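Each remark here refers to the structure printed beneath this line.
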Amino acid sequence: MSWTPKRSLAETEDILCGPGRAHEVETCLIDGKLLKAYKNLAPTLRAFWVSAVEKNGDKTYIIFEGERYTYRQVFDRSVRTAGIFYTVYGVRKGDRVSVCSRNVSEYLVIFWAIHLLGAVPVLVNAWLPLEPLTFCLVHTQPRLLVVDAERADILASAIDKTCAEAGIAAVLVLHPNDVPQGMESYHDAIDKYLGAYKDIFTNYPTISPEDNAAIMFTSGTTGLPKGVLSTQRQFLTNTLNTIVGGMRALLRRGGNLPDPATPANGPQKGALIAVPLFHVTGTTSYTMLATMSGMKIILMTKWIPEEAARLIREENVCVAGGVPAMVSDLMDSSLAGYPLERLFFGGSPAPEILTSRAREVFSTAELSQGYGLTETNSISVAIAGEDYMARPGSTGLPSPVNEIAIVLDGVRLPRGQIGEVWLRGPNVMKEYWRDPVATRSVLTSDGWLKSGDLGMLDQDGFLYIKDRIKDIIIRGGESISSISIENGLYNDSRLSEVAAVGLPDLRLGELVAAVVSIKPAFKGKVTEESVLALARKNLPRFAVPVMILVLETPFELTPSGKIMKGNLRTLALQEWKKRNGATLGVQSRL
């Protein structure tokens with residue numbers, strides 16, 4: 001698609017960042033670096049939360065499993081929880097409080113309670129097995145740990161040792177069936193507390209934008225998680241970065257920015273959160289966007305497409321989406337054709353064929369894509385609307401406060417050339433928690449973050465992600481992007497998920513292989529040869545896989561929805577060895 005915007009990119013930016021606007025920019029000296037920052041950003045998460053409640057007190061804030069809570073009710077509960085944390089468990093400003101749970105309403109109550117005290121939430125991946133879970137706790141040394149019943153059961157056998165090594169004073173359990181020894185019920189603690197919890201308002205510590213705000217863990221596909229430490233400013237910057245794509249799209253098509261002083265008309269809008277709250281997409285993006293906008297948050301504990309479709313229809317959900325697999329599920333559900341306002345792709349680049357199909361299925365929705373990392377507190381680059389439709393392979397333009405550099409061997413490349421994507425701005429993490437070696441490996445002294453992604457900028461400054469550096473397949477000296485292979489294979493409408501991987505080869509170095517999963521409607525009906533036949537039509541000869549492994553079960557994903565390529569690479573290599581390194585024109589289905 002081609003289109004002629006009503007405003008240039010420069011005109012759009014001038015309006016978006018004009019004096020008094022939410023996105024007005026100033027230059028600040030932050031941690032010894034001159035950075036662009038949002039002038040009107042909330043100074044702290046505590047101030048952000050209090051302001052949201054003042055504006056939206058009687059509106060619904062959380063809907064979870066049939067229960068509904070207003071902003072004021074959640075605030076009152078967060079104040080009470082903060083009072084108990086302060087008085088009973090001795091939590092003070094800067095102390096870490098770890099939360100390890102699936103999505104439940106109490107998760108957000110506790111998150112805000114921690115910030116009322118100026119303490120630091122440590123949001124641990126709830127899907128981790130015991131060893132990496134205890135590593136995260138011992139590594140971050142939280143004063144207090146809050147877990148759900150499932151995590152309590154996992155930790156039960158090791159709780160005394162873990163608490164001793166991590167310095168944990170108490171463990172509180174959400175919705176316990178039986179409280180394991182050495183733990184307490186969160187709900188009993190709240191209900192039995194008779195102290196003057198509102199005293200925390202008179203004992204507020206001073207919090208600054210550069211104080212620590214959160215530790216969230218990388219959801220990498222290999223190795224132990226790294227704790228990403230962010231400041232108040234770094235975390236909150238994403239509240240405005242999240243809406244940049246939509247604001248630019250509105251201005252580019254000739255519209256005017258809404259007046260923030262004018263209340264929204266009509267029924268309250270909702271945001272469906274099915275991604276885990278321990279991931280930046282769930283908390284730093286969706287939760288903060290909804291809270292800032294006075295929306296209601298509809299929480300899901302797990303992704304069930306038809307249940308998501310029901311909630312979207314019943315709760316006036318205006319923003320839906322997630323990783324590409326989730327968007328694909330919605331297109332194949334009963335929601336197809338529903339008049340969504342916005343459909344968001346994030347977590348990993350969306351195949352162009354998926355965005356094209358989404359435009360057909362949800363014709364009223366403005367499509368948008370965001371790019372960022374845990375280390376950038378979610379979004380640094382965004383695109384939406386007609387610009388996205390005209391450039392479906394792009395992840396967009398940097399936010400007004402972010403910079404992009406494309407670097408190869410330490411040299412900044414001109415536009416149009418491919419190199420590693422480096423990002424800079426006030427949302428880039430402070431450090432990997434207590435890991436200076438890992439921090440120095442990705443952060444330069446002047447604040448540039450090395451993303452590990454290969455990309456390029458076009459002549460207008462739009463970013464295109466080409467691949468993860470480690471996922472490039474080098475066949476006979478030819479560098480082949482795994483994303484380009486995957487995009488070609490996604491033309492096969494029977495496939496649900498696709499991962500291109502490299503296989504070792506003595507002569508060529510690497511060979512191209514792929515692992516695919518099948519949509520439920522096509523189980524038992526897809527052969528390797530039939531997928532290869534379509535691949536030969538859609539891919540250059542050197543990029544056609546020598547083997548396609550067909551799975552009838554979904555891929556294992558990280559909490560952020562990224563494909564666990566390391567596991568699939570191992571699976572493909574095992575199958576390749578079984579075949580003695582020779583292609584087979586026969587079905588290979590597990």
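Residue 409 in UniProt numbering is what sits at position 409 of the sequence shown, and the numbering runs on without skipping anything. The beta-carbon is built from N, C-alpha and C at its ideal position, and this holds for glycine as well. Every value quoted in this text rests on a predicted model; they were computed, and no experiment measured them.
Put simply, the backbone Cα of residue 576 is about 15 Å away from that of residue 508. DSSP, reduced to helix, strand and coil, places residue 27 within a strand of the structure shown.
Apart from sequence neighbours up to five positions away, the residues of its chain that approach residue 57 with a beta-carbon distance below 8 Å are 70, 71, 72, 75, ordered along the chain. Relative to the Cα of residue 187, the nearest Cα in the group 22, 485, 148, 425 belongs to 148. Ranked by how close their Cα comes to the Cα of residue 323, the residues 85, 572, 558, 247 have 558 in first place.
Contact between residue 546 and residue 513 holds: CB atoms are separated by about 6 Å, below the 8 Å threshold. DSSP places residue 108 in the helix class (H, G or I) of the three-state scheme. When the Cα atoms are used, residue 531 and residue 548 turn out to be separated by approximately 8 Å. Buried is the label assigned to residue 217, since at least 16 other Cβ atoms lie within 10 Å of its Cβ. Annotation for residue 307: 300 place their beta carbon closer than 8 Å to its own, counting only its chain and skipping 5 residues before and after.
Between residue 238 and residue 270, the gap from beta carbon to beta carbon reaches 8 Å or more. Membership of residue 80 in the alpha helix (DSSP H) is indicated by the continuous run 71-87. Residue 497 and residue 516 do touch by the CB rule: their CB atoms are close to 7 Å apart, below 8 Å. In the DSSP annotation of this structure, residue 556 is not part of any alpha helix (DSSP H), being labelled neither H nor E.
In this structure, the beta-carbon distance from residue 140 to residue 227 falls below 8 Å. For residue 192, the enclosing alpha helix (DSSP H) begins and ends at 186-192. Between residue 333 and the set 318, 345, 310, the nearest pair of CA atoms involves 310. Cβ atoms of residue 393 and residue 382 stay farther apart than 8 Å, at about 15 Å. Rounded to the nearest whole angstrom, the CA to CA distance from residue 255 to residue 16 is 12 Å. Distances from the alpha-carbon of residue 522 to those of 501, 420, 115, 493 put 493 closest. In the structure shown, the three-state DSSP call for residue 197 is helix. Ranked by how close their Cα comes to the Cα of residue 366, the residues 566, 120, 319, 3 have 319 in first place. Membership of residue 173 in the beta strand (DSSP E) is indicated by the continuous run 170-174. When DSSP states are grouped into helix, strand and coil, residue 298 belongs to the strand group. Cβ neighbours of residue 52 within its own chain (closer than 8 Å, five residues either side excluded): 71, 291, 292, 294. Between the alpha carbons of residue 369 and residue 378 lies a distance of about 12 Å. Taking 8 Å as the cut-off, the Cβ atoms of residue 28 and residue 37 count as close. With contacts defined by Cβ atoms closer than 8 Å, residue 110 and residue 189 do not form a contacting pair. Looking at the DSSP output, residue 456 bridges to 464.
Per DSSP, reduced to three states, the secondary structure at residue 504 is strand.
Assignment of residue 232 by DSSP, reduced to helix, strand and coil, places it in the helix class.
Membership of residue 358 in any beta strand (DSSP E) is not indicated; the residue belongs instead to the alpha helix (DSSP H) covering 352-361. About 5 Å separates the beta carbon of residue 447 from that of residue 424, a gap short enough to meet the 8 Å contact definition. For residue 65, the three-state secondary structure derived from DSSP is coil. A residue is called buried when at least 16 other Cβ atoms come within 10 angstroms of its Cβ; residue 278 meets this threshold and is buried. Collapsing the DSSP output to three states places residue 49 in a helix.
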